[in-house]
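One structure is given here, and the rest of the page talks about it.
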Amino acid sequence: MLLSPALFFTAVNLVLTFKSSGALKKKEVRLGENVTVACEMSYHQKIYWLRMSPEAQLKQLMVISLKNDGEVTILQHSNDSNLKGCVLERFIGLRVLSVAEADLGTYFCATYDDHMEFGEGEELYATRGRSEQQDQHHTDCNQACNAVETQDTRDTLDAFQAHMIIAVVMSISLLIMVLTISVVHVKTSGSGARKPG
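If you want it as structure tokens, here you go:
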């Protein structure tokens, strides 16, 4: 059975939301530096790179494969010119050049054969430079109490978002099931009425 694009992306979002709320690798980066994210999946297949922003916006960044000579081939590429495919110790990686705010988020690699299989996600988050940290010392001390409340609020919102996605997927599935049963009922009751009695 083929899934509609909307249902497919809802399913992908659901998988990535669960993965992003679980135990992710987290990588602290400074804005402006280069960083590489590794994909520990077989490079014998096409590797799809996806990024989920902190606002839960999903974007396909790149599709990569290897040529027979071991060179990286870019099959599809988003307009992000600071992204490059690379090979890291037998794995395909994604190099983010000069990390900007828009590059922050959770990166996933995936392969597609009969079904989509996702690698472990890696979250990139920014840190401040040393001088900025010193300037912010007093502000940070005043905000320490609020940080605990903010994290609790974020955790609650993340859980709420995951539950909302589950509810949407289940509602769509239920709607499809009801429509299928209705169509089957109409067809079977219509064919029974046509038989000569």
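Taken in order, the sequence shown gives residues -17 to -1, 1 to 180; the numbers are from mature numbering (1 follows the signal peptide of the UniProt record, and there is no 0). All C-beta atoms in this analysis are idealised placements derived from N, C-alpha and C, irrespective of residue type, glycine included. Note that the structure is a prediction, hence the values are computed from the model and not measured.
Relative to the C-alpha of residue i, which residue among the options is closest?
i: Leu44; options: Ile75, Leu66, Thr94 and Ser25; result: Leu66
i: Leu14; options: Leu158, Val79 and Val20; result: Val79
i: Gln28; options: Ser156, Phe74 and Ile155; result: Phe74
i: Gln59; options: Trp32, Ser36, Lys50 and Glu72; result: Trp32
i: Ala39; options: Val169, Ile148 and Met160; result: Ile148
Is it the case that the Cβ atoms of residue i and residue j are separated by a distance below 8 Å?
i: Gly88; j: Val70; result: no
i: Ile47; j: Thr94; result: no
i: Gly102; j: Met24; result: yes
i: Lys42; j: Glu106; result: no
Check for me: the beta strand (DSSP E) holding residue i runs from which residue to which?
i: Glu54; result: It is not in any beta strand (DSSP E) - Glu54 carries neither H nor E in the DSSP assignment.
i: Gly76; result: Phe74 to Val79
i: Gly68; result: Leu66 to Leu71
i: Leu33; result: Ile30 to Met35
i: Leu107; result: Glu105 to Thr110
i: Ala93; result: Gly88 to Tyr95
i: Ala21; result: Val18 to Cys22
Buried or exposed: where does residue i fall if 16 or more other Cβ atoms within 10 Å of its Cβ makes it buried?
i: Met153; result: exposed
i: Gly173; result: exposed
i: Ile164; result: exposed
i: Asp86; result: buried
i: Leu158; result: exposed
i: Met35; result: buried
Between the C-alpha atoms of residue i and residue j, what's the straight-line distance to the nearest angstrom?
i: Leu162; j: Ala150; result: 18 Å
i: Cys92; j: Ser81; result: 20 Å
i: Cys124; j: Glu11; result: Because the pLDDT of Cys124 is 38, which lies under 50, any placement of that residue in the model is unreliable, and the number read from its coordinates should be weighed accordingly. About 21 Å.
i: Ile57; j: Thr110; result: 30 Å
i: Met99; j: Glu16; result: 31 Å
i: Val18; j: Gly76; result: 10 Å
i: Val20; j: Val167; result: 49 Å
i: Glu84; j: Leu7; result: 20 Å
i: Lys170; j: Ser156; result: 21 Å
i: Val131; j: Ser64; result: Note that Val131 scores a pLDDT of 39, beneath 50, so its modelled location is shaky; the value from the coordinates is reported in the next line. Looking at the two C-alpha atoms, the distance is approximately 37 Å.
i: Tyr108; j: Leu49; result: 29 Å
i: Gly68; j: Asp96; result: 21 Å
i: Glu72; j: Pro37; result: 29 Å
i: Asp135; j: Val55; result: Reliability of the predicted coordinates at Asp135 is poor, the pLDDT of 48 falling under 50, and no value is obtained from them.
i: Cys22; j: Asn62; result: 21 Å
Using a C-beta cutoff of 8 Å, does residue i count as contacting chain C?
i: Val169; result: Judged by its chain identifiers, the structure shown contains no chain C, having just a single protein chain.
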